[in-house]
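Going by this note's numbering, the first residue of the sequence shown is number 2, and it counts up by one from there. C-beta atoms are modelled at their ideal positions from N, C-alpha and C, and glycine is treated no differently. So the structure is just underneath, and the comments pick up after that.
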Amino acid sequence: LLIFLPILSNFRNLCAHEDILYNHRTQRKILDNKYHYALNIPLMDGEYIYGKNDLFAVIIIMKMMLREEEFRLLVREISYEADILSGKLNSITISKVFDKIGFPINYKDILNME
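Take a look at the structure:
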């Protein structure tokens, strides 16, 4: 929890001050955990490339902190908005957008994990 609060605070402040959120990276990182491994997130130089200090790290934190029904609703909302965005994109694919925000393409699989 001690590492989560500064990361959540950082992202919260970005939202509150209408700053750029989608490709933000924090200086602090969450520890490697079972979700990184189970989602088969690629490693670069021994470090997971998604879910350490990016927006997906916030999703992992939410998975650990929210009740299951609340987390499921959060992921559904993200998926819904991503589907809408995907239909509007012409020059870039939704997978490139996911890469920029730090989401693995199989991010929804986290719903089926304990």
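- For S80, the CB contacts under 7 Å within the same chain, skipping 5 residues up- and downstream, are K109 in chain order.
- The bridge partners DSSP lists for M45 are E48.
- Secondary structure of E69 (DSSP, three-state): helix.
- The C-beta separation of V98 from L86 comes to about 7 Å, placing the pair in contact by the 8 Å criterion.
- The beta carbon of F72 sits closer than 7 Å to those of M63, K64, all from its chain and outside the five residues before and after it, given in chain order.
- DSSP places E78 within a helical segment (H, G or I) once states are collapsed to three.
- Per DSSP, I102 is one residue of the alpha helix (DSSP H) stretching across 95 to 102.
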